[in-house]
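Numbering (the UniProt record's numbering), first residue to last: 1 to 265. Reading through the structure tokens given below for one structure.
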């Protein structure tokens with residue numbers, strides 16, 4: 001798995017895949033910079049008038065429901081339709097799922113309509129998306145990532161998707177396997193858009209063939225862990241993470257990666 005992650009990073013840097021993002025106003029700059037730093041090519045495209053053309057040339061579609069309204073929902077569903085037509089991977093970030101009926105229903109509708117789906121969320125969002133009772137405060141998770149494993153497995157089988165649970169321990173879940181990643185740093189949640197950046201990076205790696213979400217999850221966590229050593233607080237950590245994505249080497253991945261197959265069918 002370590003070699004697969006290293007190879008995926010090399011492919012992103014070599015191919016510089018275009019990633020179409022329908023994302024929220026809060027994180028557009030942050031996620032675009034993360035994609036550029038890793039070597040991908042971001043575009044924040046929201047117009048239905050150009051979406052068919054965009055899906056013909058993109059490597060993947062990232063949908064983030066963070067600043068949701070009726071206009072955005074229509075755009076998102078049309079983009080999913082076009083991504084399916086051109087067989088592009090779709091990455092869904094169900095931001096705040098469980099905090100409101102609108103967010104929960106929209107996330108479930110997108111998931112139900114999407115082919116080639118990867119879902120990336122925190123534990124509370126994953127639990128709520130699966131229809132279980134979660135503990136959430138707006139977009140913040142109050143559940144630990146391990147409590148979302150049953151929900152993630154349900155989503156993986158129900159939607160034929162791969163699921164990434166972000167938390168103190170990250171989990172990558174498919175219908176047949178659960179992988180844990182124990183990298184990262186406790187300061188990372190204090191930066192707006194860290195989870196959203198992971199979702200965007202997942203789109204970059206999906207565009208070069210990693211349909212699991214594993215490479216992006218491992219790489220951002222490793223970079224955050226390394227960057228925290230040289231950061232006085234969240235502001236410098238954010239800058240150092242961008243530099244770390246740009247500078248990350250295969251040797252650093254091998255040195256820092258803490259990965260385990262928790263279960264396999």
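Every residue gets a Cβ at the ideal spot worked out from N, C-alpha and C, and that includes glycine.
Quick one: what does DSSP say residue 139 is sitting in, helix, strand or coil?
-> To locate residue 139, count along the chain shown from 1; it is residue 139. In this prediction, residue 139 has a pLDDT of 49, which is less than 50 and means its spatial position is unreliable; what the coordinates show is noted afterwards. In this structure, residue 139 counts as coil in the three-state DSSP scheme.
Compare the C-alpha of residue 223 against each of 207, 254, 122, 206 and name the closest.
-> In the chain shown, counting from the first residue as 1, residue 223 sits at position 223. Nearest option by C-alpha distance: 254.
Where does residue 10 fall in DSSP's three states?
-> Your numbering for residue 10 matches position 10 in the chain shown. Residue state, collapsed to three classes: helix.
Where DSSP assigns a beta bridge to residue 260, which residues make up the other side?
-> Counting from one through the chain shown, the residue named residue 260 turns up at place 260. According to DSSP, which records beta bridges pairwise, residue 260 is partnered with 180.
Could you check where the beta strand (DSSP E) with residue 62 kicks off and where it finishes?
-> On the chain shown, residue 62 is found 62 positions in, with the first residue counted as 1. Here the beta strand (DSSP E) through residue 62 covers 60-64.
Residue 127 vs residue 146 beta-carbon contact at 8 angstroms | Position 127 of the chain shown, counting from 1, holds the residue named residue 127. Position 146 of the chain shown, counting from 1, holds the residue named residue 146. Cβ distance not < 8 angstroms, so residue 127 and residue 146 don't count as in contact.
Residue from 17, 184, 73 with nearest C-alpha to residue 244 | The count along the chain shown starts at 1 and reaches residue 244 at position 244. For residue 244, the closest of 17, 184, 73 by C-alpha to C-alpha distance is 184.
Could you check if residue 56 is buried or exposed, using at least 16 other CB atoms within 10 Å of its CB as the buried criterion?
-> On the chain shown, residue 56 is found 56 positions in, with the first residue counted as 1. Counting Cβ neighbours within 10 Å, residue 56 comes out exposed, since fewer than 16 surround it.
Report yes or no: do three or more beta-carbon pairs, one from the stretch 166-181 and one from the stretch 84-98, lie closer than 8 angstroms?
-> no
How should residue 225 be labelled, buried or exposed, when 16 other C-beta atoms within 10 angstroms of its C-beta is the threshold for buried?
-> Here the question's residue 225 lines up with position 225 in the chain shown. Buried is the call here.
Decide if the stretch 80-87 is in contact with the stretch 232-248; the criterion is three or more beta carbon pairs, one per stretch, under 8 angstroms apart.
-> Cβ pair count under 8 angstroms is below three, so no.
Where residue 47 falls: helix, strand or coil (DSSP) = Translated into the one-based positions of the chain shown, residue 47 becomes position 47. Coil, per DSSP.
Residues in its own chain within less than 7 angstroms of residue 108 by CB, not counting five upstream and five downstream?
-> On the chain shown, position 108 is the one that residue 108 refers to. Cβ neighbours of residue 108 beyond the five flanking positions: 129.
Compare the Cα-Cα distances from residue 203 to each of 262, 161, 42, 26 and report the closest residue.
-> Position 203 of the chain shown, counted from the start, is the residue given in the question as residue 203. Looking at the Cα atoms, 42 is the closest of the given residues.
Determine the burial state of residue 125: buried for a count of at least 16 other Cβ atoms within 10 Å of its Cβ, exposed for fewer.
-> Within the chain shown, the letter at position 125 stands for residue 125. The residue is buried, with at least 16 neighbouring Cβ atoms inside 10 Å.
Compare the beta carbon distance of residue 173 and residue 158 with 8 angstroms and say whether it is the shorter of the two.
-> Within the chain shown, numbered from 1, the residue matching residue 173 stands at position 173. Within the chain shown, numbered from 1, the residue matching residue 158 stands at position 158. For residue 173 and residue 158, no; Cβs fall outside 8 angstroms.
Helix, strand or coil at residue 173 according to DSSP, with G and I counted as helix = Within the chain shown, the letter at position 173 stands for residue 173. Strand, per DSSP.
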